[in-house]
Amino acid sequence: MSSEDDGGISFAPPGEVDDWLAREASRRGESRDDVCRRLVTAAHAVATDDDIEPSDLDDLTAVQARIDAQRDEFMELLEDVRSRVVQVKRETDAKAPADHDHANYVGEDEFAAVREELETLEATVDDGFENFETVLESLVDETAALDDRTTALADAVLDLRDRRDAVAERERRRAAADRLKRAANRLGIRTAVCDACDAAVDLALLTEPACPHCSTVITDVAEKTSFFGSHTLVTGEPPALDGRVDDAPSSPASAEPTFDALEADPADRDRTERDGADREAEGNERADDSSASSTLDFDSEETIR
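In terms of full-length UniProt numbering, the sequence shown is residues 1 to 305.
Printed below as a string of structure tokens:
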């Protein structure tokens with residue numbers, strides 16, 4: 001070590017200590033004197049510092065045990081990571097090679113064609129929206145024209161329906177007049193007196209079941225009850241026909257009377273007319289049966305008069 005002339009202390013350490021000093025000096029890159037000086041300084045600091053308390057052996061043992069446990073845990077985790085890395089490496093090696101291709105996927109050319117088609121569609125949509133207002137106005141005008149045509153067609157249908165109803169009414173009245181004529185013919189009656197206005201009526205000239213003088217509806221022909229009496233035309237309103245009568249709507253009148261009339265069910269009206277005609281024919285048959293025994297012709301009636 002250092003010589004006594006320098007004021008140092010020189011001694012020869014045991015062999016094991018000398019070997020340890022050599023190893024420490026080599027590990028630290030220092031000389032043996034520097035290592036010895038550092039050890040003496042540290043021993044002096046420990047001996048003179050009151051704040052430093054020597055550690056108990058049990059504490060050192062516990063610290064060493066914790067360090068060993070942490071080292072074991074670290075090694076287990078490291079081994080787990082190593083095994084996982086090896087597993088990933090094996091799975092990666094089992095995958096397709098780096099120079100493989102995907103035949104099922106779209107190629108660059110096909111993708112470019114799809115992109116071009118998409119751009120064309122976008123341009124078409126943009127162009128379509130540019131004239132959207134013009135197309136909308138055209139559709140509105142066409143809709144208005146169709147509404148006008150529909151209204152005209154509805155008016156024509158209503159007119160035809162009214163004409164049909166008028167023809168049906170005329171036919172009904174003519175049939176009623178013919179019924180009166182047939183009944184009078186079976187009874188041998190040529191002229192009769194209206195019981196409403198006492199005017200004589202020639203039954204052969206009747207065109208409707210009404211008195212030509214007072215326009216009262218004629219419902220039947222009655223024979224005279226005495227030799228000097230006169231045959232009588234029974235007048236009055238015919239009995240009401242059974243049928244369905246719809247209640248008046250409680251809602252306000254529609255602003256579209258034409259279409260309301262079209263939406264009305266014509267089948268109900270036709271059914272009522274047919275029921276009335278059937279009942280009228282049935283009444284005619286009963287009247288014909290009751291007067292069959294007294295049938296005369298117009299010539300015999302004139303002869304009696």
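The beta carbon of each residue, even a glycine, is placed where N, CA and C say it ideally should be. Quick caveat: nothing in here was measured; it's all calculated off a predicted structure.
Sub-8 Å separation of residue i and residue j beta-carbons
i           : j       : result
Ala-184     : Val-221 : yes
Thr-235     : Cys-211 : yes
residue 310 : Val-35  : Residue numbering for the chain in the displayed model covers 1 to 305; residue 310 lies beyond these limits and cannot be assessed.
residue 309 : Arg-32  : Nothing can be reported for residue 309, as the shown portion of the chain is limited to 1 through 305.
Leu-180     : Leu-206 : yes
Cys-194     : Thr-216 : yes
Neighbour-count burial assignment, residue i, 16 or more Cβ in a 10 Å radius
i       : result
Val-201 : buried
Gly-188 : buried
Ala-12  : exposed
Ile-9   : exposed
Ile-218 : buried
Thr-124 : exposed
Cys-214 : exposed
Arg-186 : buried
Arg-84  : exposed
Arg-149 : exposed
Arg-190 : buried
Asp-247 : Caution applies to Asp-247, whose pLDDT of 46 falls short of 50 and renders its modelled position unreliable; the model cannot decide the point.
Asp-18  : exposed
Distance cut-off 7 Å: residue i Cβ against heavy atoms of the ligand ZN
i      : result
Asp-80 : Looking at this structure, you won't find the ligand ZN or any other ligand, since it has none at all.
Beta bridge counterpart(s) of residue i as assigned by DSSP
i       : result
Asp-33  : None, per the DSSP bridge assignment.
Val-135 : Paired residue(s): none; Val-135 is not in a bridge.
Leu-233 : Cys-194, Val-221
Ala-200 : Val-193
Ala-210 : Val-217
Cβ distance (whole Å) where residue i is taken to contact residue j below 8 Å
i       : j       : result
Leu-203 : Ala-192 : 6 Å
Glu-209 : Ala-168 : Checking the sequence, you will find Pro at residue 209 rather than Glu. Actually they do not touch by this definition, with Cβ atoms about 15 Å apart.
What runs of the alpha helix (DSSP H), each 4 residues or longer, lie entirely inside the stretch 138-182?
For secondary structure counted as the alpha helix (DSSP H) over 4 or more consecutive residues, the stretch 138-182 holds no complete run.
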